[in-house]
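Below: the structure, in structure tokens.
Right, here's the structure in full:
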């Protein structure tokens, strides 16, 4: 394969963009993860129900549940945790409803966010503030 | 491999066709998040269950990607709806590569 002068220039420009990309990455990890999940779609509020306690005595086990009718995937994020991802659900053809519950660890008082990807590709968001008395990350 | 990993699953014995019902799963696992430090200040390596899936007669019900923020003894509750009798299979995947499974039969009636 031979490269013309034009090809070489284009490749050079591409390489430069790839090299400088990391600079443009959002500082906020939560934003990052949300954007990755949304895959370019705008995130709108509503259409998802996130149930979390207002006050959690123990951050080591905080019950959370999400109900997202019509969703194909749900991602739960803890915005104040060292690593924001909590759990991601993918609903299969035998799912009875797009609802799931689990128990998570929260490092401290913070917002918990649920993102739901609908069958048409749109992304919905719900958030809840949880007050944590004793953090759940040890140390 | 983590010690004493024991999956527990609660599925109704029978269900009505096409009607959603609840399934509860729990597996005993320490879910070491990788964020904690031991008494000497060294980080304790992450050791969690990173994936859970539930299938019914080969068809998927739910898959979950678990992260370090999931509590010890991960509990997952979800809904399924089926048309015929069959078997639910549950699979948990550990960070160390081991896999824990459980299965439950259900009749539609």
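Residue numbers (our numbering), protein chains in the order written: chain U, 124 to 262; chain B, 33 to 141. Positions of the beta carbon are idealized from the N, C-alpha and C atoms, including for glycine.
| said: Using a Cβ-Cβ cutoff of 7 Å, what residues of the segment 189 to 215 of chain U are near chain B? List them in chain order. | reply: 201, 204, 205, 206, 208, 209, 210, 211, 212, 213, 214, 215
| query | Where does residue 147 of chain U fall in DSSP's three states? | reply | Low confidence applies to residue 147 of chain U: its pLDDT is 38, below 50, so where it sits in the model is not reliable, and the reading given next is rough at best. In the structure shown, residue 147 of chain U sits in a helix (DSSP, three-state: H, G or I).
| said: Cutting at 8 Å between CB atoms, please list the residues of its own chain near residue 194 of chain U, excluding the five before and the five after it. | reply: 171, 214, 221, 239, 240, 241, 242, 247
| field | Cβ contact (3+ pairs, closer than 8 Å) linking the segment 151 to 158 of chain U and the segment 195 to 206 of chain U | value | yes
| request: Taking all protein chains shown into account, decide if residue 226 of chain U is buried (16 or more other Cβ within 10 angstroms of its Cβ) or exposed. | output: buried
| task | Answer yes or no: does any C-beta atom of chain U fall closer than 8 Å to that of residue 116 of chain B? | result | no
| Which residues in chain U sit within 7 Å of residue 138 of chain B, going by Cβ to Cβ distance? | Result: empty, since nearest Cβ-Cβ is about 11 Å, beyond 7 Å.
| request: Count the C-beta pairs between the segment 127 to 137 of chain B and the segment 105 to 114 of chain B that are closer than 8 Å, then say yes if the count reaches three, no if not. | output: no
| Helix, strand or coil: which one does DSSP assign to residue 206 of chain U? | coil
| task | Could you name the residues of chain U that residue 60 of chain B contacts, counting a contact when the two beta carbons are closer than 7 Å? | result | None at all; the shortest Cβ gap to chain U is about 13 Å.
| request: Please list the partners that residue 252 of chain U has in chain B, where partner means a Cβ-to-Cβ separation under 8 Å. | output: The contacting residues do not exist; residue 252 of chain U stays about 17 Å from chain B at best.
| Are residue 101 of chain B and residue 65 of chain B closer than 8 Å when you measure CB to CB? | yes
| message | Given a cut-off of 8 Å on the beta-carbon distance, is the pair residue 256 of chain U and residue 180 of chain U in contact? | response | yes
| query | Taking Cβ positions only, does residue 256 of chain U come closer than 8 Å to chain B? | reply | no
| task | For the alpha helix (DSSP H) containing residue 155 of chain U, list its first residue and its last residue. | result | 152 to 161
| query | Along chain U, which residues have their Cβ under 7 Å away from the Cβ of residue 103 of chain B? | reply | 183, 184, 226, 227, 228
| query | Roughly how many angstroms lie between the CA atoms of residue 54 of chain B and residue 72 of chain B, to the nearest whole one? | reply | 44 Å
| said: Any heavy atom of the ligand PLP inside 7 Å of the beta-carbon of residue 67 of chain B? | reply: As far as ligands go, the structure on display features none, and thus does not contain the ligand PLP.
| message | Within the continuous beta strand (DSSP E) that includes residue 42 of chain B, where are the two ends? | response | 39 to 42
| field | Within chain C, partners of residue 222 of chain U - CB distance below 8 Å | value | Looking at the structure shown, chain C is missing, and the protein chains on hand are U and B.
| Taking the alpha-carbon positions, what's the residue 105 of chain B to residue 228 of chain U distance? | 12 Å
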